[in-house]
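Numbering (my numbering), first residue to last: 3 to 146.
Every residue gets a Cβ at the ideal spot worked out from N, C-alpha and C, and that includes glycine.
Remember, it's a predicted structure, so these values are computed and weren't measured experimentally.
Structure, as structure tokens:
Structure below.
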């Protein structure tokens, strides 16, 4: 049996397009073109029954290397800690103060986009520094 090489990461959320556009800014992802026959995503959504409008949105890595992110509207809000979260790898290969400064600069950028900084975990004998954050709908992620 062949091994799977591509995955899609799906987020449950209240406002799929808003959350997708946040993650585009975080990761440098792009919104795909509107479906064939439509000049824009707004035009596509207007063609749907009211209950289906804005029900989902997606974004992808423009290089094709990273996973596609899919955002689907669900009626319930987030109430507990995520069982899975993304690690945004901005400090790879960096250590000490240089790593922490890089993480903090990215944290500041993302807070300006609406993210929340939960905690800064400083390096210890086993782990390098990382920053725990939440996106604009409260989903946890780490700057690593």
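Residue j beta carbon less than 8 Å from that of residue i
i	j	result
residue 28	residue 123	no
residue 92	residue 105	yes
residue 61	residue 86	no
residue 9	residue 69	yes
Sequence-distant residues of the same chain with beta carbon closer than 8 Å to residue i, five excluded per side
i	result
residue 88	11, 143 and 144
residue 90	28, 29, 108, 143, 144, 145 and 146
residue 115	24, 27, 28 and 138
residue 58	18, 72, 73, 74 and 75
residue 45	36
For residue j and residue i, believed in contact at Cβ under 8 Å, the rounded distance
i	j	result
residue 71	residue 22	7 Å
residue 80	residue 141	7 Å
residue 100	residue 56	Contact flag wrong, Cβ pair sits at about 42 Å.
Cβ-based neighbour list, residue i, same chain, cut-off 7 Å, excluding 5 preceding and 5 following
i	result
residue 102	131
residue 42	36
- Query: At which residue ranges does the stretch 39-106 contain complete beta strand (DSSP E) runs of 3 or more residues, listed in the order of the chain?
  - Reply: 58-61, 70-75 and 88-90
- Would the stretch 30-42 and the stretch 120-136 be scored as touching if the rule is three or more Cβ pairs under 8 Å? no
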